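Q:
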Amino acid sequence: MLDTFYREFGHGYRPQWHADVVDLEGAYLRPPRHALFVAVDGDEVVATTAVRAQGPASPPHPAWLAERYSGAGTAQLFRVYVRPSHRRRGLARALVGAAVRFVAETPGYERIYLHTDTRVAGAEAFWRSVAVEVHDARDGDVERHQTVHFEIPLPVPAAAGRAAVGTA
Numbered sequence: 465m466l467d468t469f470y471r472e473f474g475h476g477y478r479p480q481w482h483a484d485v486v487d488l489e490g491a492y493l494r495p496p497r498h499a500l501f502v503a504v505d506g507d508e509v510v511a512t513t514a515v516r517a518q519g520p521a522s523p524p525h526p527a528w529l530a531e532r533y534s535g536a537g538t539a540q541l542f543r544v545y546v547r548p549s550h551r552r553r554g555l556a557r558a559l560v561g562a563a564v565r566f567v568a569e570t571p572g573y574e575r576i577y578l579h580t581d582t583r584v585a586g587a588e589a590f591w592r593s594v595a596v597e598v599h600d601a602r603d604g605d606v607e608r609h610q611t612v613h614f615e616i617p618l619p620v621p622a623a624a625g626r627a628a629v630g631t632a
């Protein structure tokens with residue numbers, strides 16, 4: 465994760481944004497509705513995806529967006545990173561799929577929110593293949609984050625789908 469901050473984003477570690485990555489246990493492993501998914505190659509972590517029970521903060525994101533995704537019903541995907549040498553192998557899709565299943569199976573979640581910096585190669589195309597755009601916050605200043613906000617529809621649990629079919 466730290467490599468991504470330095471190599472992909474070019475700004476390095478920022479405590480106000482990245483405190484979770486220096487306390488993975490406290491951020492993702494201990495809280496019951498949080499999770500961290502990793503892909504490893506030998507002894508190297510090559511991809512990550514995390515889930516936290518929180519929506520976006522305002523600032524830096526628009527107040528209306530923070531309000532829309534406030535409350536305990538929002539799961540936010542964080543830290544969806546794949547090392548450049550391991551991209552185009554399905555790792556992000558597999559880890560995001562595991563995260564979506566985790567959210568769908570965790571009581572109380574109603575929606576999945578995420579945002580991405582479109583300057584990262586392949587990020588925007590990937591998210592458009594699995595999520596629905598909610599807000600495009602790009603401002604044209606390529607030196608700053610070029611953020612697009614998305615929502616991933618929660619899958620209908622198989623048992624609920626069968627019950628609905630049986631009562632129709």
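For the sequence shown, this note's numbering begins at 465 and goes up steadily by one. Heads up, the beta-carbon is just placed ideally off N, CA and C, and yes, glycines get one too. These numbers come from a predicted model, not from an experiment.
Under three-state DSSP, which class holds TYR577?
A: strand
Q: Whole angstroms are fine: how far does the CA of VAL504 sit from the CA of ARG552?
A: 15 Å
Q: In terms of residue numbering, what span does the beta strand (DSSP E) encompassing PRO546 cover?
A: The amino acid at residue 546 is misidentified as Pro; the sequence shows Val. Taken as a continuous stretch (DSSP letters only), the beta strand (DSSP E) holding VAL546 covers 538 to 546.
Q: May I ask you to verify whether the region 576 to 592 touches the region 607 to 616, counting CB pairs closer than 8 Å and requiring at least 3?
A: yes
Q: Helix, strand or coil: how does DSSP classify GLY630 here?
A: Legend: pLDDT at GLY630 = 40, less than 50; position of this residue unreliable, no value from coordinates given.
Q: I think LEU529 touches ALA568, with their Cβ atoms under 8 Å apart; what is that distance to the nearest whole Å?
A: Not really, about 23 Å apart at Cβ, beyond 8 Å.
Q: If you count every other CB in all the chains shown that lies within 10 Å of the CB of GLY630, and 16 or more means buried, which is it?
A: A caution first: GLY630 carries a pLDDT of 40, below 50, which makes its placement in the model unreliable, though a value can still be read off. Under this definition GLY630 is an exposed residue.
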